[in-house]
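Numbering-wise, the sequence shown is residues 778 to 897 according to the working numbering. Glycine included, each C-beta is placed from N, C-alpha and C at the ideal position. If you're wondering where the values come from, they're calculated on a predicted model, not measured in any experiment.
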Amino acid sequence: MGIFFLAIGIILVLLSFITSEWKEISLASIGIGQIGAGIFMFIIYYFENRKQYLTLKNGELIKNSLFPKKIKLAEIKSIKEFAGDLKLITQKTEFIINTQIIEPNSLMELKTELKNYNLK
């Protein structure tokens with residue numbers, strides 16, 4: 778997706794140099810926005826491939842993303858499994874885990890760890 782945004786952005790910037798008939802919105806400004814979006818998507822891709830999706834450490838489950846989300850396992854009130862996702866519900870929040878991107882062995886370890894807390 779990042780390559781797509783970069784390519785469209787470069788094409789729009791080049792078109793803005795060729796055609797100067799655009800009066801309301803400059804193609805160069807749209808192209809620069811597209812290039813910026815492409816670079817941002819590359820940064821997200823790089824970050825997500827360097828970190829694991831989930832980390833279980835010191836009784837906390839951390840979903841690693843650009844802005845990591847944490848949940849303390851001791852605070853979980855219930856667990857619901859629906860459409861390939863695990864939903865961990867606490868008093869205040871819901872923590873959704875996409876199980877389709879977790880390796881099967883790691884998923885089994887996670888479910889075993891969650892069973893240790895006797896949750897329904």
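Item: Spatial neighbours of Thr-832 within its chain, please: CB distance less than 7 Å, with the 5 preceding and 5 following residues excluded, ordered by chain position.; Value: Ile-839, Asn-841
Item: Report, in whole angstroms, the separation of the C-beta atoms of Gly-779 and Val-790, which I expect to be a contact under 8 Å.; Value: With 8 Å as the limit, Gly-779 and Val-790 do not qualify as a contact, their Cβ atoms being about 16 Å apart.
Item: So, under 8 Å CB-CB, Leu-865 and Ile-848 are touching, yes? Tell me the CB distance rounded to an integer number of Å.; Value: 6 Å
Item: If Gly-836 sits next to Leu-850, beta carbons under 8 Å apart, how far is it from one beta carbon to the other, in whole angstroms?; Value: 5 Å
Item: What three-state label does DSSP hand Asn-826 in the structure shown?; Value: helix
Item: Between which two residues does the beta strand (DSSP E) containing Glu-871 stretch?; Value: 871-875
Item: Using the three-state DSSP reduction, which class does Ser-793 fall into: helix, strand or coil?; Value: helix
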